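Chain order of the listed sequences is A and B.
In terms of the numbering used here, the first sequence opens at residue 1 and continues consecutively.
In terms of the numbering used here, the second sequence opens at residue 1 and continues consecutively.
2 protein chains.
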Amino acid sequence: MLLTLEYDGTAYAGWQRQLNGPSIQQELERALHKLTGEAVGVTGASRTDAGVHALGQRAHFDTASRIPDDKWPFALNTLLPHDIRVVDSQPVGGAFHARFDARGKTYVYRFYNRRQPSALLRHYTAHAPLPLREDAMERAARHLLGLHDFAAFQAAGGTAKTTIRQIDQAVLRREGEEIRLTVHGDAFLYNMVRIIAGTLLSIGVGKLPEDAFLRAFDTGDRLQLGPTAPAQGLCLVRVDYEGLR
Amino acid sequence: MLLTLEYDGTAYAGWQRQLNGPSIQQELERALHKLTGEAVGVTGASRTDAGVHALGQRAHFDTASRIPDDKWPFALNTLLPHDIRVVDSQPVGGAFHARFDARGKTYVYRFYNRRQPSALLRHYTAHAPLPLREDAMERAARHLLGLHDFAAFQAAGGTAKTTIRQIDQAVLRREGEEIRLTVHGDAFLYNMVRIIAGTLLSIGVGKLPEDAFLRAFDTGDRLQLGPTAPAQGLCLVRVDYEGLR
């Protein structure tokens, strides 16, 4: 079974089951155990960090339960905390893997661009108090498009075999005091979207040149880029699979 | 001094200082006391209920402090909890009153219209799981426009001398799975916006006729209207004053 999940990452140590705090995976496995009586292990499409949110995380699991395919959201939501919601379920074959079979992912990174921070969006945006050169940020974002070696765009701890990635959408849009970066690509390295967001912010305030991404592609040098932007601005919006909704 | 305030009402028993829980007013008075050394009493434009949010609440106070007019937001925000932010400050005369001098108010009520509730917006929207007849809701909202006797539109405990109010904006807009009601009027009775929102929802699911507002104007009968919609969907967006920003 493949689930689509929405969650507020504020209270969690991240997607992955771990010792130093509650995880989304653990809550989901606990609810599945209560519901089915089985010791169900779930595999997520993306191991989101502490504080990172999701509107469309995906997770698969195997089960012998006879719960009808479309009843999983309602059944699980009665057992899950309110900051985790299952929004869709669909059957998949036994060979399906939520991470390895993902064909693309969409992330949104949100900045709140006002001198004083936001009270209502404090857990869902990163505060950007200074005026931003949005035209320069937009031009820089376009440098991300295409096939590039993103070796400079990963945090220590990344385990990817190759650092070549394809980005086919990188758009900034202002809505009132919020600036949203939407990125779609085939796959992302560890912390890649947060490094992109932090670099765009540095370009916006004039701390980095508009061609910082190009320099980082050429040199593979992490120091050409800005700081990793804070977790709470990031949201995993969608994971694409072939032939699935 | 007149402050503009943004707050997340989730953790509070409402605007007004009270015994059964923390209030926004109390937090603000505590921060002002720390900052100025004075026992400052603040008066809000609107006594928002427990769980109700604000993007543009207003509050005035008198002080002998010499803090420059534009420094209050920064100074207070270092002392306030993160779910309360002062976003603007401007000087007003000693006769000014945040509530009595208000010329108009804008409220937004947000529904989340999807079978499964929202995880990310669980504190900021009311869940509307059923399909809605949005065209009927929009036509009904237009019945609110103009000068009417809103006697039927108030909860017990209202203390207004007259129940005649002028509404000059009542608009519904869908954004993805969210439906937003924006209402602007000269003043509102106790729970009036939440009763309007609850009635529109009842019209949307076909439980009340499209002319429910007209019937309530004619009869003054609360029973012609829908239930009071939950607090967390409501946000006080703006309070207008003559000659002030």
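Beta carbons are placed, not taken as given, at the ideal position from N, Cα and C, and that holds for glycine.
Bear in mind that the values here come from a model prediction, so they are computed numbers and not experimental data.
With fewer than 16 other CB atoms across the displayed protein chains lying within 10 angstroms of its CB, residue 135 of chain A is exposed. Listed in chain order, the non-local C-beta contacts of residue 80 of chain B below 8 Å within the same chain comprise 27, 28, 31, 86, local neighbours out to five positions each way being set aside. Under the three-state reduction of DSSP output, residue 11 of chain A falls in the helix class.
Straight through space, the alpha carbons of residue 140 of chain B and residue 203 of chain B are spaced by roughly 8 Å. For residue 113 of chain A, the nearest beta carbon of chain B is not closer than 9 Å to its own beta carbon. Between the alpha carbons of residue 206 of chain A and residue 103 of chain B lies a distance of about 42 Å.
DSSP, read as helix, strand or coil, puts residue 138 of chain A in helix.
For residue 59 of chain B, the uninterrupted beta strand (DSSP E) segment begins and ends at 53 to 60.
When secondary structure is reduced to three states using DSSP, residue 118 of chain B falls in the coil class, being assigned neither helix nor strand. Within the segment 145 to 173 of chain B, the runs of beta strand (DSSP E) that reach at least 3 residues and sit entirely inside it are, in chain order, 146 to 149. Nearest to residue 88 of chain B by alpha-carbon distance, out of B:82, B:113, B:201, B:60, is B:60. The Cβ-Cβ distance between residue 179 of chain A and residue 172 of chain A falls below 9 Å. Under DSSP, no beta-bridge partner is assigned to residue 219 of chain A.
Under the Cβ distance rule, residue 120 of chain B counts among the residues neighbouring chain A, one pair being separated by less than 9 Å. Taking the CA atoms as reference points, residue 72 of chain A sits about 42 Å from residue 16 of chain B.
Among the residues facing chain A, residue 68 of chain B is not included, as its CB has no counterpart in that chain under 9 Å away. Among the residues facing chain B, residue 116 of chain A is included, as its CB has a counterpart in that chain under 9 Å away. Taking the Cα positions, residue 129 of chain B is about 44 Å away from residue 1 of chain B.
Taking residue 33 of chain A as the centre and dropping the five residues before and after it, the same chain places the C-beta of 39, 40 closer than 8 Å to its C-beta, in chain order.
Between residue 113 of chain A and residue 174 of chain A, the C-beta spacing is below 9 Å. About 4 Å separates the Cβ atoms of residue 170 of chain A and residue 144 of chain A, confirming a contact at the 8 Å cut-off. Between residue 234 of chain B and residue 109 of chain B, the C-beta spacing is below 9 Å.
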